[in-house]
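Trainee: Residue numbers (the UniProt record's numbering): 1 to 652.
The C-beta atom is built at its ideal place from N, Cα and C for all residues, glycine as well.
Structure in structure tokens, see below.
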Amino acid sequence: MLPSIEPEPLCREATAKSDCGSKERVGGWRRVWYYGVVEFEMDGLSESQQAAVIQLRELTNGGDDEVAIGVLRSVNWDVGRAADLVFGGTGVGQAPPAPNSDTERHAFTVDDSEQGFTYDHQSSSLSTATRPILTILSFPFTLLSSIFRFIFNVLRIPFPSLGRFVGLTFYSPLNRNASRRGHGSGGPDRWIRELEEETGAICIGRLKASKGVSSGRDNDRGEAGPSGPSSSTLSSRAAASGGDGIFEDGRLVLPDFVGGTYEGALKTCQREYRVGCIILVSEEHDDVAEFKRSTLTDQTFVKTLHDNNVLVWGGDVRDREAWSASEKLQATTYPFVAFVALQPRRTVGNSSSSRSTPPSLTVLSRHQGPSTPSRNATGPTSAQTLTAHLTTQVLPRVTPYLAGLRSAQLEIERARQLREEQDRAFQDSARRDTERIQRLMREEEERKREEQRLLEVKQREEKERKRAEEERIKKEEERMEWRRWTRKALRDREAITDGKPLRLAIRLPNGTRTVSQFTSRDTLTTLYATVDAQLVPSHLSPDDDPASPPSPSNPGSSLEETLESLIPSYSASTSTTSTQSYFNFLLASSYPRTELPWSPSTPLSSVPELKGGGQLVVEMVTDSGRSSRASSRANGAGNGGDDSDEYDTEED
Numbered sequence: 001m002l003p004s005i006e007p008e009p010l011c012r013e014a015t016a017k018s019d020c021g022s023k024e025r026v027g028g029w030r031r032v033w034y035y036g037v038v039e040f041e042m043d044g045l046s047e048s049q050q051a052a053v054i055q056l057r058e059l060t061n062g063g064d065d066e067v068a069i070g071v072l073r074s075v076n077w078d079v080g081r082a083a084d085l086v087f088g089g090t091g092v093g094q095a096p097p098a099p100n101s102d103t104e105r106h107a108f109t110v111d112d113s114e115q116g117f118t119y120d121h122q123s124s125s126l127s128t129a130t131r132p133i134l135t136i137l138s139f140p141f142t143l144l145s146s147i148f149r150f151i152f153n154v155l156r157i158p159f160p161s162l163g164r165f166v167g168l169t170f171y172s173p174l175n176r177n178a179s180r181r182g183h184g185s186g187g188p189d190r191w192i193r194e195l196e197e198e199t200g201a202i203c204i205g206r207l208k209a210s211k212g213v214s215s216g217r218d219n220d221r222g223e224a225g226p227s228g229p230s231s232s233t234l235s236s237r238a239a240a241s242g243g244d245g246i247f248e249d250g251r252l253v254l255p256d257f258v259g260g261t262y263e264g265a266l267k268t269c270q271r272e273y274r275v276g277c278i279i280l281v282s283e284e285h286d287d288v289a290e291f292k293r294s295t296l297t298d299q300t301f302v303k304t305l306h307d308n309n310v311l312v313w314g315g316d317v318r319d320r321e322a323w324s325a326s327e328k329l330q331a332t333t334y335p336f337v338a339f340v341a342l343q344p345r346r347t348v349g350n351s352s353s354s355r356s357t358p359p360s361l362t363v364l365s366r367h368q369g370p371s372t373p374s375r376n377a378t379g380p381t382s383a384q385t386l387t388a389h390l391t392t393q394v395l396p397r398v399t400p401y402l403a404g405l406r407s408a409q410l411e412i413e414r415a416r417q418l419r420e421e422q423d424r425a426f427q428d429s430a431r432r433d434t435e436r437i438q439r440l441m442r443e444e445e446e447r448k449r450e451e452q453r454l455l456e457v458k459q460r461e462e463k464e465r466k467r468a469e470e471e472r473i474k475k476e477e478e479r480m481e482w483r484r485w486t487r488k489a490l491r492d493r494e495a496i497t498d499g500k501p502l503r504l505a506i507r508l509p510n511g512t513r514t515v516s517q518f519t520s521r522d523t524l525t526t527l528y529a530t531v532d533a534q535l536v537p538s539h540l541s542p543d544d545d546p547a548s549p550p551s552p553s554n555p556g557s558s559l560e561e562t563l564e565s566l567i568p569s570y571s572a573s574t575s576t577t578s579t580q581s582y583f584n585f586l587l588a589s590s591y592p593r594t595e596l597p598w599s600p601s602t603p604l605s606s607v608p609e610l611k612g613g614g615q616l617v618v619e620m621v622t623d624s625g626r627s628s629r630a631s632s633r634a635n636g637a638g639n640g641g642d643d644s645d646e647y648d649t650e651e652d
């Protein structure tokens, strides 16, 4: 076993600021700078190994020789590979040059929480055996110191530091380690990093991370802990070097330690139905260093833990978490290894009640003591003992039960997933049914609204049609009253024999031909009124014709004046721009055919087509256009009129 490394300052009084060194405080740590070359004992190494250590120390510009020895051991004392591990493959030539002065400057980091407690790592077994006696002798002094400290704390007076005198006491309370390092950061994660630096090995999880399997510590197996703060330069560079395999390349590896709390590791064992391996160490025991180098880096032991998915958690009892775990596991000496797993509860009664009782986390075995064999027995914490116990007793005992728990959990999980799928299917079906019903309801409402709209449109159109029909009938009745009044006015008009009369033969739409005589003073209004009076149906007797016009007019007005004042107003009431809308017919000469449109105050003598008499044809005018003569004849035949289309001239 290599001797512990203790720095020896050139100046004995290192706590005072003098020419031999200086100190500075960084956070919760005190950094002491010493000047000089620190020598280490390397009696256990061969000359070539010592030369390799010295060469690596020169390349790294000084450092911890114990870490350098661990790195060299992991690479079979190859200085080049060790330098690659330290510098991350940047090359030896890039190492910082050594200072020109003969005196080197080394930085040693000391935890302030450890002040007041000094422990000789090179103490012999005799010193260990005499510690209980010295503890009893120093108990009164420690008791008095505790009483004074309590009084000073109550009075809020700073208690004076006793300096190196405190280090002479041999009494150390049981929970001193926990209170000493419990407030520091890191805990188990810091211990894992220190373990890697001390042994020169790499955790399997960190080695996987260097190969790109995951980032940081491989903690994908549960909440047994997220990885702690970033590793030191040496461990991170060593992890970055990687390798083709985990166990095949001969690299020293550590178990896949999980970070986090002890309770978190136990919860992971319960949740994932895994075997847990709890490893506790104490730097106050001489067997711990050998346990770290021989047991924790043993390839067979590490491979057995890794292949059987054993959850490994560890720590130093100087940390609060590890101290709490040691109290719960009742550890008495170190190194300490315990295996835990879920086991059925021991209940008094029938087997059915025991089967229904949930399992509990049980300590399967405890192993504590040195890892090196003695004269009478093998080391209880040696790699061979732990591997044999794990493969022959622990795993055969708990594997079937844990497999049954996993199967039951898988069945429960499958049943839960099946229920969730059924619930989702039921919800989807219900949702589809609801959407279908809502869609049908919307379609029915839209159909009803459309039917209601069409019904309203139909009713409105029917109402408009009836109103238009009533207006049309009313206008026709009113128009017929005007025709009858016109017939009455023409019949009662005195005959005027002024000059030679103008005889005109008129062919009515029904085929009837009439001959009318007009004077030279008659106008187109008289001609159109005469034709209009001929359109009165025969069943309306002339004796019933009205003597006065349907609408009020000037009492002394003649027929022509009354009609000429009526026609514009009638056209305006019917929303038409043509004055022909009042008569609803058009007169035209028979041959050559020439239309004679109505115009007010136009004497017949001024119409060239009517000079000397002639024959006129009446063409009815509708909203769609003029009616054909054939249809007029058909209407005339239906009314019993003459179907002859010959016209009598004046000579007739």
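1. By Cβ distance below 6 angstroms, which residues in the same chain neighbour His367 in space, the five residues on each side in sequence not counted?
2. Assuming Ala505 is part of the beta strand (DSSP E), what are its boundary residues?
3. In whole angstroms, what separates the C-alpha of Leu440 from that of Asp428?
4. Could you check what DSSP says for His367 in three-state terms: helix, strand or coil?
5. Quick check: what's the CA-CA separation for Pro396 versus Ala52?
6. Out of Pro537, Trp485, Pro600, Pro549, which has the shortest C-alpha to C-alpha gap to Thr525?
7. From which residue to which residue does the alpha helix (DSSP H) around Gly70 run?
8. Taking the alpha helix (DSSP H) that Ala383 falls in, what are its first and last residues?
9. Please list the terminal residues of the continuous beta strand (DSSP E) segment that includes Trp77.
10. Can you name the start and end residues of the beta strand (DSSP E) that Val618 belongs to?
11. Can you tell which of Asp532, Leu311, Asp492, Ile437 has the C-alpha that lies nearest to the C-alpha of Glu481?
12. So for Glu595, helix, strand or coil by DSSP?
13. Using a 10 Å radius around the Cβ and a threshold of 16 neighbouring Cβ atoms, would you call Thr486 buried or exposed?
14. Note down, one range per segment and in chain order, each alpha helix (DSSP H) of at least 4 residues found wholly within the region 445 to 476.
15. Helix, strand or coil: how does DSSP classify Val288 here?
16. Run through the DSSP bridge pairs and tell me what Ala341 is partnered with.
17. Tell me whether Asn76 is buried or exposed, calling it buried when 16 or more other Cβ atoms sit within 10 Å of its Cβ.
18. Is Thr514 helix, strand or coil by DSSP?
19. Quick one: measure Cβ to Cβ for Leu311 and Arg274, integer angstroms, because I've assumed they're closer than 8 angstroms.
20. Kindly indicate the opening and closing residues of the beta strand (DSSP E) around Gly315.
21. Mind reading off the beta-carbon distance from Val281 to Phe291? Whole number of angstroms is fine, and I expect it under 8 angstroms.
22. Buried or exposed: which applies to Arg447, given that a residue is buried once 16 or more other Cβ atoms fall within 10 Å of its Cβ?
23. Taking DSSP as the reference, what is the three-state secondary structure of Phe148?
24. Once DSSP output is grouped into helix, strand and coil, what is the label at Glu199?
25. Per the DSSP calculation, Ala415 is bridged to which residue(s)?
26. Since I believe Glu196 is in contact with Leu266 (beta carbons under 8 angstroms), could you give me their beta-carbon distance rounded to a whole number of angstroms?
27. Could you tell me which residues DSSP pairs with Val253 in its beta bridges?
28. Answer with buried or exposed for Val457, where buried requires no fewer than 16 other C-beta atoms within 10 angstroms of its C-beta.
29. Hey, how far is the Cα of Leu402 from the Cα of Phe339?
30. Taking the C-alpha atoms as reference points, what is the distance between Tyr591 and Arg483?
31. Tell me, please, whether the CB atom of Val310 is closer than 9 angstroms to any CB atom in chain D?
Mentor: According to the data block:
1. Val337, Pro380, Thr381
2. 502 to 507
3. 18 angstroms
4. strand
5. 46 angstroms
6. Pro600
7. 65 to 74
8. 383 to 389
9. From DSSP, Trp77 is part of no beta strand (DSSP E); its letter is neither H nor E.
10. 614 to 622
11. Asp532
12. strand
13. buried
14. none
15. helix
16. Thr362
17. exposed
18. strand
19. 5 angstroms
20. 311 to 316
21. 7 angstroms
22. exposed
23. helix
24. Inspection of the sequence shows that residue 199 is occupied by Thr rather than by Glu. Of the three classes helix, strand and coil, the one that applies to Thr199 here is helix, per DSSP.
25. Beta-bridge pairing links Ala415 to no other residue.
26. Going by Cβ atoms, the distance from Leu266 to Glu196 rounds to 24 angstroms, so no, they are not a contact pair.
27. Ile202
28. exposed
29. 14 angstroms
30. 28 angstroms
31. Among the chains of the structure shown, chain D does not appear; only one protein chain is present.
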